[in-house]
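Colleague: Going by the working numbering, the sequence shown wraps up at 221, each residue one higher than the last.
Think of the CB as a built atom: it goes at the ideal place given N, C-alpha and C, for glycine as much as any other residue.
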Amino acid sequence: MGVRDILSIDGLDVVRSNIDSCSPSVIEEVVMYLRSACEQFDRALEISSEDVMWPGFINYNKARTLYFMNLLSESEESWIVVMDDAIKSRSRLNRLIDEVLTVNQAGKACVIDTHLRQFFLYQEELARVMKLNLMLSDVGGKSKTLPILYRGFNIESVKKEELMKLFVNVDCFPLVTSYQERVIETLAIDGNLSS
């Protein structure tokens, strides 16, 4: 992989194209570790199920793990469902943060922006865009039969400019911006993005 980001669309494409070069014993060992990781994520979810923050982080990591497990073996658990749970948890947390940081100034409610607020907005957007990365790289996979949704919009049927407006900009964290740009490029190359 070199210095390539394994979770970028390009990195995921490299992983997919090189799976066949792995020996069955290596794949078996990797699947064993991925299953073990999922078991640990499930334990962590049991412990933190009442928490506001941790399920968003745990499910995000579990979804990515399940994605790779689905690449290498048959898994009954859907990484998409788990990623959707992570996104819902992160979105709920951001709404709570906004409620806490909302002040009434001159008769208008406004949210005080803080670095911590930006960090959690980034975490939500990262999960949303990571879902797109995984879906777009799942060529021939189970997710290809599903619409590619972002904030309720099927991004395969919106214009490029509309998609750019839909994406949440989190300036402090450039990784999300690079993922968003690559999603747009991929959709344009595949002919799925309206002009």
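(1) At what residues does the alpha helix (DSSP H) containing Ala-231 begin and finish?
(2) Where DSSP assigns a beta bridge to Phe-179, which residues make up the other side?
(3) Mind checking which residues open and close the alpha helix (DSSP H) that includes Ala-214?
(4) How is Val-29 classed by DSSP in three states: helix, strand or coil?
(5) Could you tell me which residues DSSP pairs with Ala-135 in its beta bridges?
(6) From Leu-192, Phe-199 and Met-156, pick the residue whose C-alpha is nearest to that of Asn-35; which is it?
(7) Return the residue from the list Asp-68, Met-161 and Lys-114 that minimises the CA-CA distance to Glu-151.
(8) Going by beta carbon distance, what residues of the same chain come within less than 6 angstroms of Ile-23, once the five residues before and after it are set aside?
(9) Thinking C-alpha only, which one of Glu-102, Glu-100, Tyr-59 and Ala-63 is nearest Tyr-86?
(10) With burial defined as no fewer than 16 other Cβ atoms inside 10 Å of the residue's Cβ, what is the status of Ala-135: buried or exposed?
(11) Output the distance between the C-alpha atoms of Asn-130 and Val-137, rounded to the nearest integer angstrom.
(12) How about Ile-174: is its C-beta nearer than 8 angstroms to some C-beta of chain B?
(13) Taking its Cβ as the centre, do 16 or more other Cβ atoms sit within 10 Å of Lys-88, making it buried, or is it exposed?
(14) Whole angstroms is fine: what's the gap from Asp-46's alpha carbon to Leu-60's?
Modeller: Reading off the structure:
(1) In the structure as shown, the chain begins at 27 and stops at 221. Residue 231 is therefore absent and cannot be evaluated.
(2) Tyr-176
(3) 200-215
(4) coil
(5) Asn-130
(6) This sequence places Ile at residue 35; Asn is not what is there. Comparing Cα positions, the closest option is Met-156.
(7) Lys-114
(8) Residue 23 lies beyond the residue range present for the chain, which begins at 27 and ends at 221; the question has no answer from this structure.
(9) Ala-63
(10) exposed
(11) 9 angstroms
(12) The structure shown contains no chain B; it holds only a single protein chain.
(13) buried
(14) 18 angstroms
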